[in-house]
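Trainee:
In the numbering used here, the protein residues as written are 7 to 309.
This is the structure in structure tokens:
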């Protein structure tokens with residue numbers, strides 16, 4: 007099966023527009039159409055439905071997409087193996103990540119990694135917990151930096167325990183002697199919640215403590231939640247990493263009881279990962295080992 011046709015098929019399926027696929031691949035629209043028709047003829051099934059709004063996968067086309075993505079991922083592993091045999095370090099790594107990790111950690115990780123491996127292409131997709139699970143399953147990303155999946159059969163490499171913190175407006179009244187925020191204090195208080203599927207950890211905390219805040223707003227984005235807290239629209243619970251490097255008119259406090267999210271690297275199979283992907287995983291681990299040491303040092307200075 008022709009690799010170029012498969013790549014064009016995947017891009018067209020994701021963009022739903024032949025004109026957009028042509029722009030992204032560098033082919034003409036007529037060339038893209040010809041490649042898609044040729045692929046349909048080769049496999050003997052209709053892959054797309056066409057209408058005035060663009061192109062849409064048929065039911066069989068959706069099933070075919072899953073296997074094509076898997077085929078392309080395996081082909082990339084084969085190419086990487088051949089490159090490694092010749093002592094070359096080239097290839098690509100597709101990384102899924104929460105926005106908080108992408109903003110705080112990935113710039114440093116990628117800069118350091120590319121200094122040692124300049125011929126590697128790295129692509130970042132930002133999303134939520136549910137996205138990471140789906141992207142790994144569907145071969146959209148090679149690995150994801152995320153909370154530990156609760157049920158899916160992936161390999162998981164622990165990085166850090168990222169504390170969950172209460173996020174409060176600066177004018178929120180607190181007893182001067184309080185150094186941590188009781189989760190029960192959220193009961194019936196205006197609360198801004200991450201949308202369903204965005205953050206499993208916050209919902210888990212509320213369920214485990216039988217806490218029932220007054221959900222006034224929800225958002226997919228941690229920065230948006232911080233902005234809402236700043237303007238006094240409610241309280242929130244977020245991972246500590248989401249709040250770092252974002253000064254504003256809010257304060258954070260450890261929760262009581264203490265909770266943290268198990269942040270790590272989720273990957274379909276570490277043993278089957280290409281060498282360059284394993285090198286990138288090592289770079290991620292090295293960053294977070296140093297990050298954790300710095301955090302422990304900072305905490306000890308204030309004790």
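Even for Gly, the Cβ is constructed at its ideal location relative to N, Cα and C.
Since the model is a prediction, treat every value here as computed from it, not as a measurement.
1) Do residue 85 and residue 103 have their C-beta atoms closer together than 9 Å?
2) Compute the distance between the beta-carbons of residue 66 and residue 12, then report whether it is under 9 Å.
3) To the nearest angstrom, report how far apart residue 201 and residue 143 are at their CA atoms.
4) Leaving out five residues before and five after residue 19 in sequence, what residues of the same chain have Cβ atoms less than 6 Å from its Cβ?
5) Comparing C-alpha positions only, which one of 99, 126, 57, 48 sits nearest to residue 149?
6) Rounded to whole angstroms, what is the Cα-Cα separation between residue 50 and residue 272?
7) Just to check, is the beta-carbon of residue 77 closer than 8 Å to a non-hydrogen atom of the ligand ADP?
8) Leaving aside the five residues before and after residue 165 along the sequence, list all residues of the same chain whose C-beta is less than 6 Å from its C-beta, in chain order.
9) Which one of 126, 87, 89 has the shortest CA to CA distance from residue 101?
10) Beta-carbon separation of residue 267 and residue 160 under 9 Å?
11) Suppose contacts are defined by Cβ-Cβ distances below 9 Å. Is residue 170 in contact with residue 243 by that definition?
12) Note down, one range per segment and in chain order, each beta strand (DSSP E) of at least 3 residues found wholly within the region 118 to 178.
13) Please report the residue range of the alpha helix (DSSP H) in which residue 236 lies.
14) Three or more beta-carbon pairs under 8 Å between the region 257 to 265 and the region 279 to 292, yes or no?
15) Of the residues 226, 96, 192, 233, which one's Cα is nearest the Cα of residue 216?
16) For my contact list, residue 219 and residue 195 are in at a C-beta cut-off of 8 Å; report their separation, rounded to the angstrom.
17) According to DSSP, is residue 8 helix, strand or coil?
18) In angstroms with no decimal places, state the Cα-to-Cα distance between residue 110 and residue 247.
19) Quick one: measure Cβ to Cβ for residue 17 and residue 35, integer angstroms, because I've assumed they're closer than 8 Å.
20) Could you tell me the boundaries of the beta strand (DSSP E) in which residue 199 lies?
21) Considering only C-alpha positions, which residue in the set 116, 130, 10 is nearest to residue 289?
22) Identify whether residue 113 lies in helix, strand or coil by the three-state DSSP scheme.
23) The beta strand (DSSP E) that contains residue 99, what's its start and end?
24) Within a Cβ cutoff of 8 Å, which residues of the same chain sit near residue 82, ignoring the five residues on either side of it in sequence?
25) What does residue 61 pair with, by DSSP beta-bridge criteria?
Mentor: Checking against the coordinates, here is how it stands:
1) The residue labelled residue 85 in the question sits at position 79 within the chain shown. The residue labelled residue 103 in the question sits at position 97 within the chain shown. In this structure, residue 103 does not lie closer than 9 Å to residue 85 by Cβ.
2) For this step, residue 66 is matched to residue 60 along the chain shown. For this step, residue 12 is matched to residue 6 along the chain shown. No, the pair does not count as a contact, with Cβ atoms beyond the cut-off.
3) The residue you call residue 201 lines up with position 195 of the chain shown. The residue you call residue 143 lines up with position 137 of the chain shown. If you take the alpha carbons of residue 201 and residue 143, they lie about 21 Å apart.
4) The residue given as residue 19 occupies position 13 in the chain shown. Excluding residues within five positions, the ones whose Cβ falls inside 6 Å are 63, 71.
5) Residue numbering aside, residue 149 sits at position 143 when the chain shown is read from its first letter. Of 99, 126, 57, 48, the residue nearest in Cα terms is 99.
6) On the chain shown, position 44 is the one that residue 50 refers to. On the chain shown, position 266 is the one that residue 272 refers to. So the two alpha carbons sit approximately 36 Å from each other.
7) The model on display carries no ligand, and the ligand ADP is accordingly not part of it.
8) Mapped onto the chain shown, residue 165 falls at position 159. Only 269, 270, 294 meet the Cβ criterion.
9) Residue mapping note: residue 101 aligns to position 95 of the chain shown, counting from 1. Of the listed residues, the one whose Cα sits closest to residue 101 is 126.
10) Counting from 1 along the chain shown, the entry for residue 267 is found at position 261. Counting from 1 along the chain shown, the entry for residue 160 is found at position 154. Cβ distance not < 9 Å, so residue 267 and residue 160 don't count as in contact.
11) Locating residue 170 in the chain shown gives position 164, where the first residue counts as 1. Locating residue 243 in the chain shown gives position 237, where the first residue counts as 1. Yes, the Cβ-Cβ distance between residue 170 and residue 243 is below 9 Å.
12) 126 to 132, 149 to 153, 161 to 175
13) For this step, residue 236 is matched to residue 230 along the chain shown. Unbroken alpha helix (DSSP H) run through residue 236: 228 to 236.
14) no
15) Here the question's residue 216 lines up with position 210 in the chain shown. Taking only the C-alpha atoms, the option nearest residue 216 is 192.
16) Taking the first residue of the chain shown as position 1, residue 219 is located at position 213. Taking the first residue of the chain shown as position 1, residue 195 is located at position 189. Confirmed, Cβ separation roughly 5 Å.
17) On the chain shown, residue 8 is found 2 positions in, with the first residue counted as 1. Three-state result, residue 8: coil.
18) One-based indexing of the chain shown puts residue 110 at position 104. One-based indexing of the chain shown puts residue 247 at position 241. Distance between the alpha carbons of residue 110 and residue 247: 8 Å.
19) Taking the first residue of the chain shown as position 1, residue 17 is located at position 11. Taking the first residue of the chain shown as position 1, residue 35 is located at position 29. About 13 Å separates the two Cβ atoms, so there is no contact after all.
20) Taking the first residue of the chain shown as position 1, residue 199 is located at position 193. Residues 196 to 200.
21) Along the chain shown, read from residue 1 onward, the residue named residue 289 stands at position 283. It is 116 whose Cα lies nearest to the Cα of residue 289.
22) Here residue 113 refers to the residue found at position 107 when the chain shown is read from its first residue. Residue state, collapsed to three classes: helix.
23) In the chain shown, counting from the first residue as 1, residue 99 sits at position 93. From DSSP, the beta strand (DSSP E) with residue 99 extends over 97 to 103.
24) As a first step, residue 82 is located in the chain shown; it is residue number 76 there, counting from the start. These residues qualify, in order along the chain: 97, 98, 280.
25) Counting from one through the chain shown, the residue named residue 61 turns up at place 55. DSSP, once it has assigned bridges, lists 56 as partnering residue 61.
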